[in-house]
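Read the structure below first, then the notes.
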Amino acid sequence: MAMLLVGTIIGAGFASGKEILSFFGDNIPFYIAPLSGLLIFGCSVLFLALSKRIKAESLSAANSKIMGRAHVAADIFLLFNSLVVLSGMLAAMDSLFSMVLPIVPAYSIISGILCALIVAKGIKGLLGGNMILVPVLIVLIVIICCFSIGTPQFLYSFRWFYPSAVIVYVSMNMMLAGTVYMTIKDLSLRQIIMSSVLAALVIAAIMSLIIFALNTTGIKTDMPLMQIALNKNKTLFYVALAAIAACIFTSMMVAMSGLTQWLKGLIGDTKYSVILVLLAGLIFSNLGFENVVSFLYPVIGVLGAVYIGICLVYFAKIRRRERRNIGYKRSGIRSGKRTERQPNF
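In C-alpha coordinates, the structure reads:
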(Lines of atoms letter the chains of each structure in order from A and count residues from 1; the text may use other names and numbers.)
(Lines give C-alpha, C1' and ligand atoms only; values in the text may rest on other atoms or scores of the structure.)
Protein backbone atom coordinates (compact mmCIF):
# COMPACT_ATOMS: atom_id res chain seq x y z
CA MET A 1 0.00 0.00 0.00
CA ALA A 2 2.86 2.38 0.78
CA MET A 3 4.30 1.99 -2.72
CA LEU A 4 0.85 2.53 -4.23
CA LEU A 5 0.48 5.87 -2.43
CA VAL A 6 4.04 6.95 -3.24
CA GLY A 7 3.58 6.03 -6.89
CA THR A 8 0.32 7.97 -6.98
CA ILE A 9 1.78 11.18 -5.56
CA ILE A 10 5.09 11.11 -7.42
CA GLY A 11 3.54 11.95 -10.74
CA ALA A 12 4.93 14.13 -13.49
CA GLY A 13 4.11 17.35 -11.63
CA PHE A 14 5.77 16.27 -8.39
CA ALA A 15 8.85 14.62 -9.88
CA SER A 16 9.54 17.44 -12.34
CA GLY A 17 9.35 20.05 -9.57
CA LYS A 18 6.64 21.99 -11.41
CA GLU A 19 3.88 21.05 -8.97
CA ILE A 20 5.79 22.19 -5.86
CA LEU A 21 6.91 25.36 -7.60
CA SER A 22 3.33 26.21 -8.66
CA PHE A 23 1.91 25.77 -5.17
CA PHE A 24 4.69 27.31 -3.06
CA GLY A 25 6.67 29.61 -5.36
CA ASP A 26 10.38 30.24 -4.79
CA ASN A 27 12.20 30.52 -1.44
CA ILE A 28 10.17 27.54 -0.21
CA PRO A 29 10.27 27.13 3.60
CA PHE A 30 12.09 23.98 4.71
CA TYR A 31 9.23 22.75 6.90
CA ILE A 32 6.78 22.43 3.99
CA ALA A 33 8.00 18.86 3.34
CA PRO A 34 7.54 17.39 6.86
CA LEU A 35 4.23 19.21 7.28
CA SER A 36 3.00 17.76 3.98
CA GLY A 37 4.20 14.30 5.06
CA LEU A 38 2.25 14.58 8.32
CA LEU A 39 -0.95 15.48 6.47
CA ILE A 40 -0.39 12.69 3.94
CA PHE A 41 -0.09 10.22 6.81
CA GLY A 42 -3.36 11.42 8.35
CA CYS A 43 -5.27 11.30 5.06
CA SER A 44 -3.93 7.86 4.21
CA VAL A 45 -5.01 6.44 7.58
CA LEU A 46 -8.41 8.09 7.20
CA PHE A 47 -9.14 6.62 3.76
CA LEU A 48 -7.89 3.13 4.63
CA ALA A 49 -9.70 3.06 7.99
CA LEU A 50 -12.94 4.17 6.33
CA SER A 51 -12.57 1.51 3.66
CA LYS A 52 -12.02 -1.18 6.31
CA ARG A 53 -15.29 -0.23 8.03
CA ILE A 54 -17.45 0.57 5.00
CA LYS A 55 -16.31 -2.46 2.95
CA ALA A 56 -17.60 -0.92 -0.27
CA GLU A 57 -17.11 -2.67 -3.60
CA SER A 58 -16.72 0.61 -5.47
CA LEU A 59 -15.95 4.26 -4.85
CA SER A 60 -19.54 5.20 -5.64
CA ALA A 61 -20.82 2.75 -3.01
CA ALA A 62 -18.43 4.25 -0.45
CA ASN A 63 -19.59 7.79 -1.26
CA SER A 64 -23.20 6.68 -0.95
CA LYS A 65 -22.61 5.55 2.63
CA ILE A 66 -20.59 8.63 3.54
CA MET A 67 -22.73 11.35 1.94
CA GLY A 68 -26.15 9.77 1.38
CA ARG A 69 -28.09 11.39 -1.44
CA ALA A 70 -25.30 13.92 -2.00
CA HIS A 71 -22.96 11.14 -3.11
CA VAL A 72 -23.62 11.99 -6.76
CA ALA A 73 -21.76 15.29 -6.34
CA ALA A 74 -18.80 13.48 -4.76
CA ASP A 75 -18.78 10.88 -7.55
CA ILE A 76 -18.73 13.58 -10.21
CA PHE A 77 -15.88 15.43 -8.49
CA LEU A 78 -13.70 12.34 -8.03
CA LEU A 79 -14.34 11.19 -11.58
CA PHE A 80 -13.46 14.66 -12.85
CA ASN A 81 -10.27 14.54 -10.79
CA SER A 82 -9.24 11.17 -12.23
CA LEU A 83 -10.04 12.24 -15.79
CA VAL A 84 -8.03 15.45 -15.42
CA VAL A 85 -5.05 13.53 -14.07
CA LEU A 86 -5.29 10.84 -16.74
CA SER A 87 -5.56 13.42 -19.52
CA GLY A 88 -2.71 15.47 -18.07
CA MET A 89 -0.44 12.43 -17.79
CA LEU A 90 -1.14 11.38 -21.38
CA ALA A 91 -0.35 14.91 -22.52
CA ALA A 92 2.79 14.95 -20.37
CA MET A 93 4.00 11.74 -22.00
CA ASP A 94 3.75 13.38 -25.42
CA SER A 95 5.46 16.56 -24.23
CA LEU A 96 8.26 14.69 -22.48
CA PHE A 97 9.33 12.41 -25.31
CA SER A 98 8.83 15.13 -27.91
CA MET A 99 12.00 16.63 -26.44
CA VAL A 100 13.78 13.67 -28.07
CA LEU A 101 11.67 12.87 -31.13
CA PRO A 102 8.44 14.79 -31.93
CA ILE A 103 5.97 12.13 -33.12
CA VAL A 104 2.89 13.23 -31.19
CA PRO A 105 0.48 11.60 -30.31
CA ALA A 106 2.29 8.27 -30.61
CA TYR A 107 3.66 8.41 -27.05
CA SER A 108 0.31 8.98 -25.37
CA ILE A 109 -1.35 6.24 -27.42
CA ILE A 110 1.37 3.65 -26.74
CA SER A 111 1.63 4.42 -23.02
CA GLY A 112 -2.16 4.56 -22.72
CA ILE A 113 -2.59 1.09 -24.25
CA LEU A 114 0.10 -0.38 -21.99
CA CYS A 115 -1.54 1.23 -18.96
CA ALA A 116 -4.94 -0.17 -19.98
CA LEU A 117 -3.53 -3.70 -20.19
CA ILE A 118 -2.19 -3.46 -16.62
CA VAL A 119 -5.36 -1.90 -15.21
CA ALA A 120 -7.51 -4.58 -16.87
CA LYS A 121 -5.85 -7.11 -14.56
CA GLY A 122 -7.26 -5.30 -11.53
CA ILE A 123 -5.62 -3.99 -8.37
CA LYS A 124 -2.97 -6.75 -8.38
CA GLY A 125 -1.69 -5.55 -11.72
CA LEU A 126 -1.75 -1.99 -10.45
CA LEU A 127 0.28 -2.86 -7.36
CA GLY A 128 2.70 -4.95 -9.40
CA GLY A 129 3.44 -2.03 -11.70
CA ASN A 130 4.08 0.30 -8.79
CA MET A 131 6.29 -2.19 -6.94
CA ILE A 132 8.60 -2.24 -9.96
CA LEU A 133 8.54 1.41 -10.97
CA VAL A 134 8.42 3.32 -7.67
CA PRO A 135 11.80 2.22 -6.21
CA VAL A 136 13.50 2.95 -9.54
CA LEU A 137 12.04 6.43 -9.92
CA ILE A 138 12.83 7.32 -6.30
CA VAL A 139 16.52 6.52 -6.85
CA LEU A 140 16.61 8.49 -10.09
CA ILE A 141 14.99 11.58 -8.53
CA VAL A 142 17.49 11.46 -5.67
CA ILE A 143 20.39 11.29 -8.13
CA ILE A 144 19.11 14.29 -10.10
CA CYS A 145 18.57 16.36 -6.95
CA CYS A 146 22.02 15.49 -5.65
CA PHE A 147 23.53 17.18 -8.71
CA SER A 148 22.07 20.42 -7.38
CA ILE A 149 23.93 20.28 -4.07
CA GLY A 150 25.51 23.66 -3.52
CA THR A 151 24.84 27.07 -2.01
CA PRO A 152 21.13 27.96 -2.21
CA GLN A 153 20.29 31.07 -4.22
CA PHE A 154 17.52 31.62 -1.68
CA LEU A 155 18.03 31.69 2.06
CA TYR A 156 15.72 29.17 3.69
CA SER A 157 12.91 31.18 5.13
CA PHE A 158 11.51 30.83 8.65
CA ARG A 159 8.54 33.00 7.74
CA TRP A 160 5.07 31.70 8.47
CA PHE A 161 3.67 29.96 5.43
CA TYR A 162 -0.06 30.00 4.93
CA PRO A 163 -1.28 26.54 5.97
CA SER A 164 -4.01 26.68 3.32
CA ALA A 165 -1.42 26.15 0.58
CA VAL A 166 -0.16 22.96 2.23
CA ILE A 167 -3.70 21.70 2.86
CA VAL A 168 -4.76 22.31 -0.75
CA TYR A 169 -1.54 20.72 -2.05
CA VAL A 170 -1.93 17.54 0.03
CA SER A 171 -5.67 17.32 -0.67
CA MET A 172 -5.03 17.50 -4.40
CA ASN A 173 -2.51 14.65 -4.22
CA MET A 174 -4.64 12.48 -1.92
CA MET A 175 -7.73 12.60 -4.11
CA LEU A 176 -6.23 10.33 -6.74
CA ALA A 177 -5.02 7.83 -4.13
CA GLY A 178 -8.43 7.93 -2.47
CA THR A 179 -10.12 6.47 -5.55
CA VAL A 180 -8.15 3.25 -4.96
CA TYR A 181 -7.77 3.32 -1.17
CA MET A 182 -11.52 3.50 -0.55
CA THR A 183 -12.01 0.05 -2.09
CA ILE A 184 -9.23 -1.78 -0.20
CA LYS A 185 -10.94 -3.65 2.65
CA ASP A 186 -8.60 -6.36 3.97
CA LEU A 187 -5.83 -4.45 5.77
CA SER A 188 -5.26 -4.77 9.51
CA LEU A 189 -4.82 -1.71 11.70
CA ARG A 190 -1.09 -2.40 11.90
CA GLN A 191 -0.83 -2.58 8.09
CA ILE A 192 -2.76 0.68 7.74
CA ILE A 193 -0.48 2.53 10.17
CA MET A 194 2.80 1.09 8.86
CA SER A 195 2.01 1.65 5.18
CA SER A 196 0.85 5.21 5.89
CA VAL A 197 3.97 6.01 7.92
CA LEU A 198 6.29 4.61 5.25
CA ALA A 199 4.56 6.48 2.44
CA ALA A 200 4.60 9.78 4.36
CA LEU A 201 8.31 9.44 5.21
CA VAL A 202 9.29 8.64 1.62
CA ILE A 203 7.26 11.53 0.18
CA ALA A 204 8.55 14.01 2.76
CA ALA A 205 12.16 12.98 2.11
CA ILE A 206 11.88 13.26 -1.68
CA MET A 207 9.98 16.53 -1.39
CA SER A 208 12.78 17.93 0.79
CA LEU A 209 15.34 17.08 -1.88
CA ILE A 210 13.27 18.69 -4.63
CA ILE A 211 12.76 21.84 -2.53
CA PHE A 212 16.51 22.00 -1.95
CA ALA A 213 17.16 21.66 -5.69
CA LEU A 214 14.63 24.40 -6.54
CA ASN A 215 15.99 26.79 -3.91
CA THR A 216 19.57 26.09 -5.03
CA THR A 217 19.12 26.56 -8.78
CA GLY A 218 16.25 29.05 -8.92
CA ILE A 219 15.02 27.37 -12.13
CA LYS A 220 11.35 28.10 -12.92
CA THR A 221 10.69 26.24 -16.16
CA ASP A 222 7.79 23.84 -16.78
CA MET A 223 10.00 20.90 -15.75
CA PRO A 224 12.70 22.30 -13.45
CA LEU A 225 14.40 18.98 -12.65
CA MET A 226 14.60 18.16 -16.35
CA GLN A 227 16.27 21.52 -16.90
CA ILE A 228 18.72 20.83 -14.08
CA ALA A 229 19.65 17.53 -15.73
CA LEU A 230 19.95 19.14 -19.16
CA ASN A 231 22.27 21.83 -17.78
CA LYS A 232 24.64 19.14 -16.48
CA ASN A 233 25.01 16.64 -19.34
CA LYS A 234 23.00 14.57 -21.81
CA THR A 235 23.45 11.36 -19.83
CA LEU A 236 21.82 12.88 -16.78
CA PHE A 237 19.10 14.32 -19.00
CA TYR A 238 18.15 10.86 -20.26
CA VAL A 239 18.19 9.53 -16.71
CA ALA A 240 15.75 12.30 -15.81
CA LEU A 241 13.67 11.44 -18.88
CA ALA A 242 13.31 7.84 -17.66
CA ALA A 243 12.44 8.98 -14.12
CA ILE A 244 9.73 11.41 -15.20
CA ALA A 245 8.28 8.87 -17.65
CA ALA A 246 7.98 6.32 -14.84
CA CYS A 247 6.31 8.92 -12.63
CA ILE A 248 3.81 9.77 -15.34
CA PHE A 249 2.98 6.12 -15.87
CA THR A 250 2.30 5.35 -12.18
CA SER A 251 -0.11 8.29 -11.88
CA MET A 252 -1.74 7.27 -15.15
CA MET A 253 -2.36 3.74 -13.83
CA VAL A 254 -4.12 4.92 -10.67
CA ALA A 255 -6.26 7.47 -12.53
CA MET A 256 -7.31 4.93 -15.15
CA SER A 257 -8.01 2.31 -12.48
CA GLY A 258 -10.43 4.55 -10.58
CA LEU A 259 -12.33 5.52 -13.73
CA THR A 260 -12.47 1.92 -14.95
CA GLN A 261 -13.87 0.63 -11.67
CA TRP A 262 -16.62 3.26 -11.72
CA LEU A 263 -17.56 2.61 -15.34
CA LYS A 264 -17.52 -1.14 -14.76
CA GLY A 265 -20.27 -0.62 -12.19
CA LEU A 266 -22.45 0.84 -14.94
CA ILE A 267 -21.78 -1.45 -17.89
CA GLY A 268 -20.53 -4.55 -16.04
CA ASP A 269 -17.54 -5.30 -18.28
CA THR A 270 -13.90 -4.50 -17.44
CA LYS A 271 -12.61 -4.73 -21.01
CA TYR A 272 -15.06 -2.25 -22.51
CA SER A 273 -14.75 0.01 -19.47
CA VAL A 274 -10.99 0.39 -19.76
CA ILE A 275 -11.24 1.00 -23.53
CA LEU A 276 -13.78 3.80 -23.06
CA VAL A 277 -11.70 5.36 -20.29
CA LEU A 278 -8.60 5.32 -22.50
CA LEU A 279 -10.46 6.98 -25.37
CA ALA A 280 -11.82 9.69 -23.06
CA GLY A 281 -8.35 10.35 -21.68
CA LEU A 282 -6.82 10.66 -25.14
CA ILE A 283 -9.56 13.07 -26.23
CA PHE A 284 -9.17 15.35 -23.22
CA SER A 285 -5.38 15.18 -23.24
CA ASN A 286 -5.55 18.32 -25.40
CA LEU A 287 -5.86 20.20 -22.09
CA GLY A 288 -2.06 20.06 -21.91
CA PHE A 289 0.26 19.33 -19.00
CA GLU A 290 1.04 22.93 -18.03
CA ASN A 291 -2.62 23.97 -17.82
CA VAL A 292 -3.50 20.99 -15.65
CA VAL A 293 -0.77 21.70 -13.09
CA SER A 294 -1.13 25.48 -12.97
CA PHE A 295 -4.91 25.88 -13.06
CA LEU A 296 -6.83 22.63 -12.53
CA TYR A 297 -4.73 21.09 -9.74
CA PRO A 298 -5.47 23.93 -7.28
CA VAL A 299 -9.20 23.62 -8.03
CA ILE A 300 -9.03 19.90 -7.32
CA GLY A 301 -7.11 20.66 -4.12
CA VAL A 302 -9.77 23.00 -2.74
CA LEU A 303 -12.62 20.62 -3.56
CA GLY A 304 -10.53 17.75 -2.23
CA ALA A 305 -10.09 19.48 1.13
CA VAL A 306 -13.88 19.72 1.41
CA TYR A 307 -14.25 16.03 0.55
CA ILE A 308 -11.63 14.99 3.12
CA GLY A 309 -13.42 17.12 5.74
CA ILE A 310 -16.69 15.30 5.03
CA CYS A 311 -14.93 11.92 5.31
CA LEU A 312 -13.39 12.98 8.62
CA VAL A 313 -16.80 13.95 10.05
CA TYR A 314 -18.28 10.62 8.92
CA PHE A 315 -15.39 8.68 10.45
CA ALA A 316 -15.89 10.51 13.76
CA LYS A 317 -19.55 9.40 13.73
CA ILE A 318 -18.51 5.78 13.15
CA ARG A 319 -16.07 5.93 16.04
CA ARG A 320 -18.76 7.30 18.37
CA ARG A 321 -21.06 4.43 17.39
CA GLU A 322 -18.30 1.89 18.04
CA ARG A 323 -17.55 3.33 21.48
CA ARG A 324 -21.26 3.40 22.32
CA ASN A 325 -21.58 -0.24 21.23
CA ILE A 326 -18.68 -1.23 23.48
CA GLY A 327 -20.36 0.63 26.33
CA TYR A 328 -23.61 -1.32 25.80
CA LYS A 329 -21.77 -4.64 25.85
CA ARG A 330 -19.86 -3.79 29.02
CA SER A 331 -23.07 -2.68 30.73
CA GLY A 332 -24.70 -5.99 29.82
CA ILE A 333 -21.76 -7.98 31.19
CA ARG A 334 -21.76 -6.10 34.51
CA SER A 335 -25.53 -6.57 34.98
CA GLY A 336 -25.42 -10.22 33.95
CA LYS A 337 -28.07 -9.56 31.34
CA ARG A 338 -28.03 -9.36 27.58
CA THR A 339 -28.30 -5.82 26.31
CA GLU A 340 -31.42 -5.44 24.21
CA ARG A 341 -30.54 -2.19 22.56
CA GLN A 342 -28.14 -2.45 19.65
CA PRO A 343 -26.55 0.51 17.84
CA ASN A 344 -27.14 0.91 14.14
CA PHE A 345 -24.16 0.73 11.79
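Its first residue numbered 85, the sequence shown is counted upward by one per residue in this note's numbering. Even glycine gets a Cβ: it sits at the ideal position worked out from N, Cα and C. Keep in mind the model is a prediction, meaning the values are calculated, not measured.
CB contact flag (residue i, residue j, <8 Å)
i	j	result
Met278	Gly388	no
Val358	Val203	yes
Ala283	Phe108	no
Ser280	Val184	no
Arg137	Ile394	no
Ser171	Gly385	no
Ile38	Leu293	Shown here, the chain extends from 85 to 429; a query on residue 38 therefore has no answer.
Ala157	Lys149	no
Phe231	Ile312	yes
Ala117	Met291	yes
Gly121	Leu285	yes
Leu325	Leu198	no
Tyr322	Leu132	no
Thr263	Leu143	yes
Phe296	Cys229	yes
Gly302	Asp159	no
His155	Asn147	yes
Proximity to residue i [Cα-Cα], best of the options
i	options	result
Lys348	Phe131, Leu119, Ala145, Ile124	Ala145
Tyr115	Ser272, Met256, Pro247, Thr301	Pro247
Gly95	Leu122, Thr301, Leu221	Leu221
Leu123	Tyr253, Tyr265, Ser106	Tyr253
Met310	Ser369, Ile225, Asn370	Ile225
Thr354	Ser106, Leu201, Pro113	Leu201
Ile93	Lys318, Ile328, Ser369, Asn370	Ile328
Gly196	Thr300, Ala324, Phe333	Phe333
Lys205	Met337, Ala288, Phe373, Val223	Met337
Cutoff 7 Å; reference residue i; Cβ partners in own chain excluding five residues on either side
i	result
Val188	Asp178, Ser182
Lys102	Asp306, Met307, Pro308, Val377
Val361	Met340, Leu343, Thr344, Leu347
Ser369	Ser171, Leu174, Ala175, Ser192
Own chain residues within Cβ distance below 6 Å of residue i, not counting five before or after
i	result
Ile268	Ser135
Met256	Tyr381, Ile384, Gly385, Gly388
Phe242	At Phe242 the pLDDT is 47, less than 50, meaning the model places this residue with poor confidence and gives no usable figure here.
Lys304	none
Met479	As shown, the chain starts at 85 and ends at 429. That puts residue 479 outside it, with no answer to give.
Neighbourhood of residue i by C-beta, 8 Å cutoff - its chain only, sequence neighbours within 5 removed
i	result
Leu167	Ala339, Leu343, Ala364, Gly365, Phe368
Leu67	For residue 67 there is no data in the structure shown, the boundaries of the chain being 85 and 429.
Arg407	none
Residue range of the alpha helix (DSSP H) that includes residue i
i	result
Val184	First-last for Val184: undefined, no H or E at that position.
Thr267	Unbroken run through Thr267: none, as it is neither H nor E.
Met336	318-351
Phe107	102-108
Met291	273-301
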